[in-house]
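**Q**
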Amino acid sequence: MTAAPKRMDAHVSVRNVSKTFSLAELGRGPMSLREALRTGERVTTLREVRALQEVSLEIREGERIGIIGRNGAGKTTLLSMLAGITDPTAGQIEITGDVHAMLTIGAVLRDEATGRENIYLDGAVHGKNRDEIEAHVEEVIAFSELGEFIDRPVRTYSSGMKARLAFSMGAFIEPDVLIIDETLSVGDAFFAAKAARRMKEITAQGRIVIVVSHALGVIDEICSRCLWLDQGRLVMDGPAREVTKAYEKAVAQADEAELVAKFGRGTASVRRAEAGGLTDVRLDQDGMAITASARALVPLRLSASGRLTLAEGAGDLCLSILRVDGRRILERRLSPDAARLPATGPFDLSVTFEPMILGAGLYRFELTLLDERGPIDAIHRVIEIVDEEGQFGGAPLLLYPPVITATPKGDIS
């Protein structure tokens, strides 16, 4: 009996790699040079985009690597070069071992073939003979949990079923380097956990797994090491949890800076908290003021100057509070009896909230004026909770739901 040849140790080396794309500037916006040539449109100018800039890294056998970064950071470009789909403009990539890449589910699966046929086709593409494929077919089918659907055309599958089949094929074809780009994001949580265990088994055999995902929890669970790309540059390389925490913080700071630049900034600072409620909580921002009484009822006053001219009838108001990530944590259409505005003239608003807990961070208050046809104007203000010294779980208190009244400016005492 002839012994099987010893598998070479998997290794990935990326040295000073850069990738530049040329975009054609046309009358209807930028497109790739290839598309411009295909459409026959006249190219007015060419603009170079640097997708990756002098990236260097070494990946050794047994490593599970996560790659994170915002859209356009260069993640997919790097994976495409590792998979051999495109070449670097500068620098060098060397890979020891065979590579299996799942960059898109559509590129892995053939829609008109059945799931079972796809397993054989994929194995053949990666150089496996029929006996080698058949040794793993039942494992792939069992792992994918497709049951009788394995003998139906892939075009009849849901996105989750396609993701399970694509991952199962790659995981059991036993490549030296397995590359995954967001494939697991369309699977269910149970399958994602099972896939994470399988990837750990693969790397325990000395193979390499490289995963791109926007789901930082997936990176923390699966990966031992993480690369953070930003605008084509490698800005951090280290233990997965350390890198994802630094990335989360940087993204939050960037989002906050963008929000403040757009809407301005005020500060709500909790200076003292007592059993009966908050005291000395204040916000001053362009006519807005929050002050707290001993009962923790925080009146919020928003002042708007100018003359209203509504097309039909009097105006209504809608108050929203949004987190820095854009998620609405409150949206309330105000009742006509409580806050019906006159059709014309200036007005002041007095807003009171029932208890609501807000942690430290930025919040956007959005007050929208509506007539019968829809929104006609809005006021936006940003406040920052800078202290978490409060009576409920250490969090400061604002109040909810709001009760809002509106009166003409001259009637405010």
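If you count by the numbering used here, then the sequence shown holds residues 1081 to 1493, one letter each, in order.
Glycine included, each C-beta is placed from N, C-alpha and C at the ideal position.
On the DSSP bridge assignment, give the partners of Y1237 in chain order.
**A** Taking the sequence shown and counting its residues from 1, the one referred to as residue 1237 is at position 157. None; Y1237 has no bridge partner.
**Q** I'd like the list of long-range same chain contacts for I1253, defined as Cβ closer than 8 Å, with 5 residues on each side in sequence excluded.
**A** Locating residue 1253 in the sequence shown gives position 173, where the first residue counts as 1. Only H1180, D1202, G1203, H1206, K1208 and H1216 meet the Cβ criterion.
**Q** Have a look at L1137, G1164 and T1169 and flag the residue whose alpha-carbon is nearest the alpha-carbon of T1100.
**A** Counting from one through the sequence shown, the residue named residue 1100 turns up at place 20. Out of L1137, G1164 and T1169, T1169 has the C-alpha closest to the C-alpha of T1100.
**Q** Starting from the Cα of A1163, find the closest Cα among D1191, R1130, V1094 and Y1200 and give me that residue.
**A** As a first step, residue 1163 is located in the sequence shown; it is residue number 83 there, counting from the start. The option with the nearest alpha carbon to A1163 is V1094.
**Q** Should G1286 and A1090 be called a contact, given that it needs their Cβ atoms to be closer than 9 Å?
**A** Stepping through the sequence shown from its first residue, residue 1286 is reached at position 206. Stepping through the sequence shown from its first residue, residue 1090 is reached at position 10. Yes; because the gap between Cβ atoms is below 9 Å, this pair is in contact.
**Q** Should the region 1125-1134 be regarded as contacting the region 1288-1303, the criterion being three or more beta carbon pairs within less than 8 Å?
**A** no
**Q** Within 10 angstroms of the Cβ of V1092, are there 16 or more other Cβ atoms? Answer buried if so, exposed if not.
**A** Taking the first residue of the sequence shown as position 1, residue 1092 is located at position 12. Burial state of V1092 is buried, judged by a 10 Å Cβ sphere holding 16 or more other Cβ atoms.
**Q** With a threshold of 6 Å on Cβ separation, who are the neighbours of R1210 within its own chain once the five nearest residues in sequence on each side are excluded?
**A** Numbered from its first residue, the sequence shown carries residue 1210 at position 130. No residues qualify anywhere along the chain.
**Q** With contact counted as at least three CB pairs below 8 Å, one residue from each stretch, are the region 1308-1318 and the region 1273-1281 in contact?
**A** no
**Q** Evaluate I1409 with the Cβ neighbour count: other Cβ atoms within 10 Å of its Cβ, from every protein chain shown; 16 or more gives buried, anything less gives exposed.
**A** Here the question's residue 1409 lines up with position 329 in the sequence shown. Answer is exposed; the Cβ neighbour count stays below 16.
**Q** In the DSSP output, which residue or residues are listed as bridge partners for F1101?
**A** Along the sequence shown, read from residue 1 onward, the residue named residue 1101 stands at position 21. In DSSP, F1101 forms a bridge with V1129.
**Q** Round the Cβ separation of E1301 and A1276 to the nearest angstrom and send it over; I've been treating them as touching at under 8 Å.
**A** As a first step, residue 1301 must be located in the sequence shown, where it is residue number 221. As a first step, residue 1276 must be located in the sequence shown, where it is residue number 196. Correct: roughly 5 Å between the Cβ atoms.
**Q** My assumption, with CB atoms under 8 Å, is that L1189 sits in contact with V1234. Please give the rounded CB distance.
**A** The sequence position of residue 1189 within the sequence shown is 109, counting from 1. The sequence position of residue 1234 within the sequence shown is 154, counting from 1. That belief holds up - the Cβ atoms of L1189 and V1234 are roughly 5 Å apart, short of 8 Å.
**Q** Please say whether D1335 and D1405 have beta carbons closer to each other than 9 Å?
**A** In the sequence shown, counting from the first residue as 1, residue 1405 sits at position 325. In the sequence shown, counting from the first residue as 1, residue 1335 sits at position 255. At a Cβ-Cβ threshold of 9 Å, D1405 and D1335 count as neighbours.
**Q** Does the distance from the CB of E1322 to the CB of C1306 come in under 9 Å?
**A** Translated into the one-based positions of the sequence shown, residue 1322 becomes position 242. Translated into the one-based positions of the sequence shown, residue 1306 becomes position 226. In contact: E1322 and C1306 (Cβ atoms closer than 9 Å).
**Q** Determine the closest residue to E1228 out of E1141, G1195, V1257 and I1175, with distance taken between C-alpha atoms.
**A** For the purposes of this step, residue 1228 is taken as the residue at position 148 of the sequence shown. Nearest option by C-alpha distance: G1195.
**Q** Look up A1163 in the DSSP assignment and say whether it is helix, strand or coil.
**A** Looking up residue 1163 in the sequence shown gives position 83. Correct three-state label for A1163: coil.
**Q** Suppose contacts are defined by Cβ-Cβ distances below 9 Å. Is S1224 in contact with S1239 by that definition?
**A** Mapped onto the sequence shown, residue 1224 falls at position 144. Mapped onto the sequence shown, residue 1239 falls at position 159. Cβ distance not < 9 Å, so S1224 and S1239 don't count as in contact.
**Q** Which term fits G1154, buried or exposed, when burial requires 16 or more other beta carbons within 10 angstroms of its beta carbon?
**A** For this step, residue 1154 is matched to residue 74 along the sequence shown. With 16 or more Cβ atoms within 10 Å of its Cβ, G1154 is classed as buried.
**Q** For the alpha helix (DSSP H) containing R1210, name the first residue and the last one.
**A** Here the question's residue 1210 lines up with position 130 in the sequence shown. Counting along the chain, the alpha helix (DSSP H) containing R1210 begins and ends at R1210 to S1224.
**Q** Run through the DSSP bridge pairs and tell me what R1244 is partnered with.
**A** Taking the first residue of the sequence shown as 1, we reach residue 1244 at position 164. Its beta-bridge partners do not exist; DSSP assigns none.
**Q** Classify E1262: buried if its beta carbon has 16 or more other beta carbons within 10 angstroms, exposed otherwise.
**A** In the sequence shown, the residue the question calls residue 1262 occupies position 182. Looking at its Cβ environment, which holds 16 or more other Cβ atoms inside 10 Å, E1262 is buried.
**Q** Decide if K1329 is buried, meaning its Cβ has at least 16 other Cβ atoms within 10 Å, or exposed.
**A** Numbered from 1 along the sequence shown, position 249 holds the residue referred to as residue 1329. That one is exposed.
**Q** Would DSSP call E1281 helix, strand or coil?
**A** Reading the sequence shown from its first residue, position 201 is the one you call residue 1281. Here E1281 sits in helix by DSSP.
**Q** Using the Cβ count rule (16 or more neighbours within 10 Å means buried), how would you classify R1144?
**A** Within the sequence shown, residue 1144 is the residue found at index 64, counting from 1. Label assigned to R1144: buried.
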